[in-house]
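Heads up: the sequence shown begins at 1124 in our numbering, then just goes up one per residue.
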Amino acid sequence: MLASILEIVNDSCGHVAGDELLRQVTSVIRRVMRSIDVLARNGGDEFGILLSRCPVEAAQRLANSIREAVQDFRFAWEGHSFSLGVSIGLVGVDAESLGVEQVLSLADTACYVAKDAGRNRVHIYHPDEDEIQMRRGDVRWVARLRHALVEDRFTLYVLPICTTLEAEADGEYLEIRIRMLGDDGEIIMPGAFITVAERYDLMPAIDRWVITQVCRQIEELSARFLSSGTRFFINLSGHTLGDERTLQFIQDKIGEIELGGELLCF
């Protein structure tokens, strides 16, 4: 798993540059691999390598060689230069392995452990490891969250913010809260998924979903809200605040509804 560099290149240089980055990284990895190994792109910034007739110790050495080769590589595009890091998860395949999906899932789990441990490192899967058990649950939540984003399976709740002063407020203040919709339509509280979303860098995407939905509601009900002095308060995660693209995204959304930013507070 490349350390989020693909998204950065796509955003700053365009998808043509992102495609070229993937091609060049593939070449870097292939130069380190053995001729009997198989390389495939799983999607996004994730690659899978099947190492044939390769004991764990040899696989670890090869994985570290790949990690070092990617770390030494620099991607250049139209005056921009990018350095890369890669997190690698290793899992053994033997007669007790249950199938391709399980092997890929375990490798994915080990990869996330490597990423959480500081990125740009290799982690070998051990079934009795507490960290692995926790991350296996996390990986399932990550998949659910990604599907929820694609399928629009979130919903918003609005809570009034009430003054404790005797004087009346100058308008209605509303705090926006998010809930996730399960496969059967059940309401999933944010405490069940926010921590995982923050750990795996999904909060910026979720926060952008919230901002987009709130702006749509404002556009549909603008006459009422503009006359009443209503303010919407949207909570942003630290990851979103630290994302340099957030401000431009908010400005773009405000521009789309053509109402200015006076209705939104963050």
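For every residue, glycine included, the Cβ atom is placed at its ideal position computed from N, Cα and C.
Nearest-angstrom Cα separation, counted from P1283 out to S1393: The displayed coordinates of the chain run from 1124 to 1389. Any statement about residue 1393 would go beyond what the structure contains.
How far does the alpha helix (DSSP H) with V1226 in it reach, from first residue to last? V1223 to D1239
Take the Cβ of S1210 as the centre, count every other Cβ of all protein chains shown within 10 Å, and call the residue buried at 16 or more, exposed below. buried
Does H1116 come out as helix, strand or coil in the three-state DSSP assignment? This structure does not reach residue 1116, given that the chain is present from 1124 up to 1389, and the question cannot be answered.
Using the Cα positions of E1169 and F1277, report the straight-line distance between them to the nearest angstrom. 26 Å
Based on the DSSP secondary-structure assignment, which residues constitute the bridge partners of R1154? None; R1154 has no bridge partner.
Would you report the Cα separation of T1232 and E1224, rounded to the nearest angstrom? 12 Å
Inspect the CB distances between the segment 1178-1198 and the segment 1152-1161 and report whether three or more fall short of 8 Å. yes
If you reduce the DSSP assignment to three classes, tell me which class R1199 lands in. The sequence as given places Ala at residue 1199; Arg does not occur at that position. DSSP places A1199 in strand when its eight states are reduced to three.
Nearest CA to the CA of L1145: which residue from G1166, G1215, L1304 and E1298? G1166
With a cut-off of 8 Å on the beta carbons, I'd call Y1248 and G1212 a contact; round off their distance for me. 7 Å
Is D1324 near H1362, with beta carbons less than 8 Å apart? yes
Residues in its own chain within less than 7 Å of V1214 by CB, not counting five upstream and five downstream? V1226, L1229, A1230, A1233 and Y1248
Rank P1250, M1326, S1220 and V1262 by C-alpha distance to the C-alpha of Y1235 and give the top, closest one. V1262
Count the CB pairs spanning the segment 1334-1346 and the segment 1367-1384 that are closer than 8 Å, and state whether there are at least three. yes
Integer-rounded CB distance, given that R1354 should sit under 8 Å from T1304: One detail in the question is off: residue 1304 reads as Leu in this sequence, not Thr. With 8 Å as the limit, L1304 and R1354 do not qualify as a contact, their Cβ atoms being about 27 Å apart.
Closest Cα partner of E1201 within the set G1141, S1150 and L1272: G1141
In whole angstroms, what separates the C-alpha of D1330 from that of V1148? 31 Å
Which value, in whole angstroms, describes the spacing of the CA atoms of R1197 and S1220? 37 Å
Between which two residues does the alpha helix (DSSP H) harbouring I1317 extend? I1317 to R1322
Taking R1368 as part of the alpha helix (DSSP H), name the residues at either end of that continuous run. Counting along the chain, R1368 falls outside any alpha helix (DSSP H), and DSSP gives it neither H nor E.
Distance between A1163 and D1433 (C-alpha atoms, nearest Å): Outside the displayed range of the chain (1124 to 1389) lies residue 1433, so it cannot be described from this structure.
Could you give the distance in angstroms between the alpha-carbon of K1376 and the alpha-carbon of V1161? 44 Å
Would you decide whether A1320 is buried or exposed? Buried here means 16 or more other CB atoms lie within 10 Å of its CB. buried
Buried or exposed by the 16-neighbour rule on C-beta atoms within 10 Å, applied to P1178: exposed
For Q1272 versus A1328, is the C-beta distance shorter than 8 Å? Checking the sequence, you will find Leu at residue 1272 rather than Gln. Yes, they are a contact pair.
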